[in-house]
């Protein structure tokens, strides 16, 4: 399965070229939160996509698509407009026909929070300022009716995949994986398997997430491992760092057009890279043994040895325990001699988008020949036994490995290869 | 030849029973699980009823149930169903490193009281909201452990943790198609060799104020408050919408040789899986059942059988105008003339709609119908709809002989269509 189109929306760039250039230049998307005033929250930094306007990503003539944005929460807009860009990048419907029933959609997307404005009128009519207190009788008679009729549809996690399928007339398999920070890499793996069993020729494979809104940010503040080092600004996220203090939330989207090789060649489209191995598992108790075996399985499917890998693109985001766990597994499989690159330092933790957004960095690096350096990695924890690449350097080998994981233990690894025709 | 996938264990928690056997027996009796909502005060909501799971106590199923007290009811139902399924499959001694989890599962119950009271504190005019003020209020009120449990990957994570299942761990949410899709993709993983067995199914509850609010606003729910047990009436001319249910179902899927070697009891083989997208609209199914018909046909083809070999169809049958009509059209597309002679029933008439968990419970019931030679009815079927002209097994269970293949449909908001075929072991 090869990659033939890419759409990217990120805190450091809103198309693949700008994204890759910013990663190479060491630009950080981690900044004080601009979306709303948060003076009292412990973590006031985030990787925001600033100035996003969905309409700018849609064809000017497509009024239906532009109007449809009103029915989408920001996360859904991210996923949808990035799919439109990816599909255009792959030549779209103009460049050869794809059988609609063999054109699938796979997304990673998780909880999408309600916008508080949608609930404001109902809340005002049913609350009196007492915490946790809502007048249910009033909500049923009055409050509920003050919520916009299509409210729920703005927030269902399968809506990005739904809107993308309608736009591209993709009538094949359509799934949305909701497995937290591993979601979009798991979605890619599932699309890969569906192509392997010859049920589809092409996929839109995406991930999207936006949690820098009042409801999501408040919720995640209460349970995510977020840094309190607001003073560090763009140096706050330190993957594998000796003084790592947690991560920051990021937001964004990435969508790949992925096609079976002969179908892509028949369409005569550009090829950016190839997915050659995938595996996933659950590392119970975060011992590292399952992630190591997942890595070995993915390499085995790719038919390569650890020494063939140019770099490991890590999940690490400054997490105390999860970074150490990942390092242990990387060390077990690769020893300390393979370069490790961690894009979260520049992007923040982009949740369901992270798998594919971070993978895009490796696909672009293999294609263009230069691997970006990991930002904020001057002081890597020596106990972790990983060699973190800190400055851009030429790509030396044709393969990269991407890891994503959740704090519970869901983990996945994908092996991609540079396309050499 | 592809690896064969069989079903070797089942467990369920539903509005009519806390096990698969109890659920199936109640369904054959035509028992409705629908009643007034007790989870919150819904007396003034447009819809005041749902099919709730009654008298459920997780401590009957797992040791140290208190550990899960901050989990959503979705996870608690999932743990009980999984425990029953794994015990049923007698999984002692099986290498758990090659067993994964794939759920179609929803979110935990969102904290309605906190969100609404927080928004109320942060708005003066009922339109604009002071986001900083909301965040201040919300962070002070929210319980971090509960918030973490809202995330959709937690149910599958808890199952893997509790039962030591180290293989692939997936969660999908394609609305009402999710757990059927989970079964189909889990079976595909076994066929591909990514796992030897998968615990697959779903768990969901949307019987909470946000859930009822959202579906009421979409006018998708029946508002037949005068007689709740009559509200879910799939394929009946006077149907007015679906009824929310809740629960969980889990099936142990296992590679056939793996099951045979350890002498496992085999319920059925999962022979067919069809999956399509409507690519049409967000909530309405394609009126000509383009995607639904195609996915049923694909599942039947995947099973390697003829359409007239399907002996029973467990319908998605939501009791909405749009679904029941387009599903009927789709069944005719896929089964041809045999559509008119094949029993089709919707157990949503009794269980309500378990949303993400619906598909798995419906497949189990279809398998038990095949094994026991009796299909559950569609209750509340009183006034035939000319647009729905198949044999819906009205009101009473029916003996059927010689059924070797059953079809189960699940269609999601957003256009995801799933059809599964299960077959008696040859």
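Protein chains in written order, with the working numbering: chain A, 1 to 421; chain P, 1001 to 1426.
Don't be surprised by glycine CBs; every beta carbon is placed ideally from N, CA and C.
These numbers were taken from a predicted model, which means no experiment stands behind them.
Nonlocal neighbours in the same chain, by C-beta distance under 7 Å from residue i, ignoring five residues either side
{"i": "residue 1204 of chain P", "result": "1074, 1105, 1106, 1246, 1354, 1355, 1356 and 1357"}
{"i": "residue 1366 of chain P", "result": "1312, 1314, 1406, 1408 and 1422"}
{"i": "residue 348 of chain A", "result": "11, 29, 30, 46, 47, 237, 247, 248, 249 and 250"}
{"i": "residue 1177 of chain P", "result": "1359, 1410, 1411, 1412, 1416, 1417 and 1418"}
{"i": "residue 1376 of chain P", "result": "1027, 1028, 1345, 1347, 1365, 1369 and 1397"}
{"i": "residue 210 of chain A", "result": "74, 75, 78 and 251"}
Residues near residue i by beta carbon distance below 6 Å, same chain, minus five either side
{"i": "residue 380 of chain A", "result": "240 and 388"}
{"i": "residue 177 of chain A", "result": "108, 183, 186 and 187"}
{"i": "residue 302 of chain A", "result": "276, 277 and 415"}
{"i": "residue 1164 of chain P", "result": "1096"}
{"i": "residue 87 of chain A", "result": "168"}
{"i": "residue 1248 of chain P", "result": "1013, 1077, 1078, 1081, 1203 and 1357"}
{"i": "residue 1071 of chain P", "result": "1149"}
Inter-residue Cα distance where the pair is residue i and residue j
{"i": "residue 1160 of chain P", "j": "residue 284 of chain A", "result": "7 Å"}
{"i": "residue 1134 of chain P", "j": "residue 1109 of chain P", "result": "20 Å"}
{"i": "residue 1119 of chain P", "j": "residue 124 of chain A", "result": "8 Å"}
{"i": "residue 8 of chain A", "j": "residue 1003 of chain P", "result": "38 Å"}
{"i": "residue 1363 of chain P", "j": "residue 1063 of chain P", "result": "29 Å"}
{"i": "residue 1212 of chain P", "j": "residue 266 of chain A", "result": "49 Å"}
{"i": "residue 164 of chain A", "j": "residue 18 of chain A", "result": "23 Å"}
{"i": "residue 1041 of chain P", "j": "residue 40 of chain A", "result": "34 Å"}
{"i": "residue 281 of chain A", "j": "residue 1096 of chain P", "result": "11 Å"}
{"i": "residue 1143 of chain P", "j": "residue 222 of chain A", "result": "7 Å"}
{"i": "residue 67 of chain A", "j": "residue 232 of chain A", "result": "41 Å"}
{"i": "residue 1332 of chain P", "j": "residue 1325 of chain P", "result": "11 Å"}
{"i": "residue 295 of chain A", "j": "residue 1185 of chain P", "result": "21 Å"}
{"i": "residue 1289 of chain P", "j": "residue 1330 of chain P", "result": "5 Å"}
{"i": "residue 293 of chain A", "j": "residue 1069 of chain P", "result": "33 Å"}
{"i": "residue 326 of chain A", "j": "residue 1032 of chain P", "result": "50 Å"}
{"i": "residue 1297 of chain P", "j": "residue 1335 of chain P", "result": "8 Å"}
{"i": "residue 316 of chain A", "j": "residue 244 of chain A", "result": "10 Å"}
For residue i: DSSP bridge partner residues
{"i": "residue 162 of chain A", "result": "Bridge partners of residue 162 of chain A: none, in fact."}
{"i": "residue 410 of chain A", "result": "A:282"}
{"i": "residue 1416 of chain P", "result": "P:1277"}
{"i": "residue 1425 of chain P", "result": "Answer is none; residue 1425 of chain P lacks a bridge partner."}
{"i": "residue 1399 of chain P", "result": "P:1374"}
{"i": "residue 1286 of chain P", "result": "The partner list for residue 1286 of chain P (beta bridge, DSSP) is empty, contrary to what the question assumes."}
{"i": "residue 208 of chain A", "result": "A:253"}
{"i": "residue 1250 of chain P", "result": "P:1011 and P:1201"}
{"i": "residue 264 of chain A", "result": "According to DSSP, which records beta bridges pairwise, residue 264 of chain A is partnered with nothing at all."}
{"i": "residue 393 of chain A", "result": "A:371"}
{"i": "residue 1353 of chain P", "result": "P:1244"}
{"i": "residue 311 of chain A", "result": "A:339 and A:400"}
Contact with chain B by residue i, beta-carbon distance below 8 Å
{"i": "residue 1067 of chain P", "result": "No chain B appears in the structure shown, which is made up of the protein chains A and P."}
Whole-number beta carbon distance between residue j and residue i, since they are thought to touch under 8 Å
{"i": "residue 117 of chain A", "j": "residue 213 of chain A", "result": "Not a contact, Cβ separation roughly 10 Å."}
{"i": "residue 1112 of chain P", "j": "residue 1208 of chain P", "result": "6 Å"}
{"i": "residue 1061 of chain P", "j": "residue 1079 of chain P", "result": "6 Å"}
{"i": "residue 146 of chain A", "j": "residue 1216 of chain P", "result": "Not confirmed; about 13 Å, so no contact."}
{"i": "residue 1383 of chain P", "j": "residue 1223 of chain P", "result": "With a Cβ gap of about 18 Å, residue 1383 of chain P and residue 1223 of chain P do not count as contacting."}
{"i": "residue 1295 of chain P", "j": "residue 1274 of chain P", "result": "4 Å"}
Sequence-distant residues of the same chain with beta carbon closer than 8 Å to residue i, five excluded per side
{"i": "residue 391 of chain A", "result": "373"}
{"i": "residue 1168 of chain P", "result": "1100, 1101, 1102, 1189, 1194, 1195 and 1198"}
{"i": "residue 436 of chain A", "result": "Only positions 1 to 421 of chain A appear in the structure, and residue 436 of chain A is not among them; the question remains open."}
{"i": "residue 370 of chain A", "result": "24, 392, 393, 394 and 395"}
{"i": "residue 1025 of chain P", "result": "1017"}
Interface residues of the region 1393 to 1426 of chain P facing chain A [CB-CB below 7 Å]: Correct list: 1412, 1413, 1414, 1415 and 1416.
Where the region 1294 to 1315 of chain P meets chain A: residues whose CB sits under 8 Å from a CB there: Those would be 1294, in chain order.
Members of the region 1026 to 1045 of chain P near chain A, C-beta cut-off 8 Å: Residues 1040, 1041, 1042, 1043, 1044 and 1045.
Contact residues within the region 162 to 181 of chain A, judged by C-beta distance below 7 Å to chain P: Here the close residues are 162, 165, 166, 169, 170, 171, 172, 173, 174, 175, 176, 177, 178, 179 and 180.
Interface positions of the region 392 to 408 of chain A facing chain P (Cβ-Cβ less than 8 Å), listed along the chain: Taking 8 Å as the upper bound on Cβ-Cβ separation, chain P lies near residues 406 and 408 of the region 392 to 408 of chain A.
Within 9 Å of chain P by C-beta, residues of the region 215 to 230 of chain A in sequence order: 215, 217, 218, 219, 220, 221, 222, 223 and 224
Within 9 Å of chain P by C-beta, residues of the region 340 to 367 of chain A in sequence order: none
Contacting positions in the region 1135 to 1148 of chain P - beta carbon closer than 8 Å to chain A: 1135, 1136, 1137, 1138, 1139, 1140, 1141, 1142, 1143, 1144, 1145, 1147 and 1148
Members of the region 110 to 121 of chain A near chain P, C-beta cut-off 8 Å: Answer in chain order: 110, 111, 114, 116, 117, 119, 120 and 121.
Interface positions of the region 33 to 46 of chain A facing chain P (Cβ-Cβ less than 7 Å), listed along the chain: 36, 37, 38, 39, 40 and 41
Interfacial residues, the region 178 to 203 of chain A to chain P, with Cβ spacing under 8 Å: 178, 179, 180, 182, 183, 186, 190, 193, 194, 196, 197 and 199
Members of the region 280 to 297 of chain A that neighbour chain P once the beta carbon cut-off is set at 7 Å: 280, 281, 282, 284 and 290
Contact set between the region 1228 to 1260 of chain P and chain A, restricted to residues whose Cβ is under 8 Å from the partner: none
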